[in-house]
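At position 209 of the sequence shown the residue is numbered 488 (the numbering used here), and the sequence of numbers has no breaks.
In this text, a Cβ means the ideal position worked out from N, Cα and C, and glycines have one as well.
This report concerns only the one structure given below.
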Amino acid sequence: MQAGPGLDALLLGDWHVHSDFSDDAESPISANVRAAERAGLMAMRATDHVRRDTAWVPEFVAAVVEARGRTGVELVIGVEAKILDARGTLDVPSDLRVGGGGVDGIVIADHQFPGPDGPWSPRETRERLARGLAVEDALDLLIGATIGAMRMAGGGAQLAHPFSILPKVGIDESRLSAGHLSAWASAARETGTHIEVNEKWVCPSARAIEAALAGGATLVASTDSHRAADVGVYDRVRELLTEVPAFSASDAGGVA
């Protein structure tokens with residue numbers, strides 16, 4: 280288990296903050312930065328939704344770079360993209376640049392279930408489970424796809440709201456085996472992918488967080504905010520992390 284700062288230090292970053300570049304968020308980047316300053320944050324990851332046909336990424340990157348010059352908060356640039364299939368293909372523009380004047384990394388999201396033939400909606404996934412798809416086989420698909428996506432994403436990647444898809448399809452996260460979680464955590468460590476603990480969806484579970492720490496993965500905290508008023512405001516993440524022995528003790532490990 281890696282050494283690192285404790286709970287309060289972890290909550291000095293908000294690593295998943297949406298702006299009005301996303302079609303479901305309301306605040307401009309400048310308002311989010313001011314909110315991060317008021318919250319006393321040291322770091323904030325600007326994170327907006329992309330798809331294969333998204334064309335505004337250069338403007339988004341330029342807006343965050345401009346904001347960097349007006350704040351002492353470390354601003355990291357990310358785009359949130361869903362996993363499309365069981366191989367881990369990501370829904371990103373073909374010309375997306377990671378590093379070297381582009382985004383700092385891809386934030387990998389399980390918005391739909393990654394099937395071998397493409398993304399399944401929660402409804403379709405529940406129907407497949409009802410028709411006989413074994414839960415264990417479904418979880419194999421999800422873990423395999425997530426690992427594949429981490430390997431394809433390149434440097435600076437992050438897992439958004441890990442396993443938030445499971446309650447939507449009627450699978451309890453406790454059904455993930457120790458082997459699933461070990462492989463997931465090991466892949467995060469090997470690829471340098473951060474695992475976020477998400478305020479909005481209260482995930483992943485304390486058990487998965489413990490597995491991430493045991494596997495040497497790096498944790499970050501996020502609000503997944505869609506308005507500036509929520510940036511850096513942690514209630515449920517703090518409560519969730521106190522269930523993890525590493526954070527209920529005086530010194531914690533494996534956090535950013």
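Buried/exposed call for residue i, threshold 16 Cβ in 10 Å
i              : result
tryptophan 294 : buried
methionine 321 : exposed
proline 441    : buried
arginine 324   : buried
glutamate 518  : exposed
serine 527     : exposed
glycine 423    : buried
glutamate 338  : exposed
glycine 411    : exposed
Close Cβ partners of residue i (< 6 Å) along its chain, the five nearest in sequence each way excluded
i             : result
alanine 531   : Residue placement at alanine 531 is poorly supported in this model, since its pLDDT is 39, which falls under 50; the coordinates still yield a value, given next. Here the set comprises Gly285, Ala525.
histidine 328 : Ser301, Glu359
proline 401   : Lys447, Val448
valine 386    : Thr326, Gly357, Glu359, Gln437, Ala439
glycine 435   : Asp383, Gly384
Chain-order list of residues whose beta-carbon lies under 7 Å from that of residue i (same chain, five-residue window excluded)
i             : result
arginine 330  : Asp370
threonine 521 : Ser527
aspartate 509 : Thr502
Candidates the options, of which the one nearest residue i by Cα
i             : options                        : result
aspartate 419 : Ile450, Ala409, Gly435         : Ile450
glycine 319   : Pro372, Ile308, Thr350         : Thr350
glycine 494   : Ile488, Ala315, Ala464         : Ala464
arginine 486  : Arg468, His459, Ala508         : His459
glycine 511   : Glu305, Asp299, Val312, Pro307 : Val312
alanine 304   : Asp503, Ala439, Glu522         : Asp503
leucine 445   : Met429, Gly357, Glu415, Ile426 : Glu415
serine 453    : Val476, Cys482, Met431, Glu469 : Cys482
aspartate 299 : Leu291, Leu290, Ser309, Glu478 : Ser309
alanine 334   : Thr404, Ala507, Val499, Leu375 : Leu375
lysine 361    : Gln391, Val516, Gly381, Ala491 : Gln391
Beta-ladder partner(s) of residue i, from DSSP
i              : result
glutamine 391  : According to DSSP, glutamine 391 bridges with nothing at all.
proline 446    : Beta-bridge pairing links proline 446 to no other residue.
isoleucine 474 : Leu438, Leu498
glutamate 353  : Ala322
aspartate 293  : Met323
glycine 397    : Gly394
glutamate 359  : His328, Val386
valine 377     : Val382
Beta-carbon proximity list for residue i, same chain, < 8 Å, skipping 5 on both sides
i          : result
serine 443 : Asp389, Asn477, Trp480, Cys482
- Message: To test your reading of the DSSP string, which unbroken beta strand (DSSP E) runs of 3 or more residues are found completely within the stretch 478-519?
- Response: Listed in chain order, the complete beta strand (DSSP E) runs (minimum 3 residues) inside the stretch 478-519 are 497-501.
- Let me know the beta strand (DSSP E) ranges lying completely inside the stretch 302-334, each 3 residues or longer, listed in chain order. Runs of the beta strand (DSSP E) inside the stretch 302-334: 322-328.
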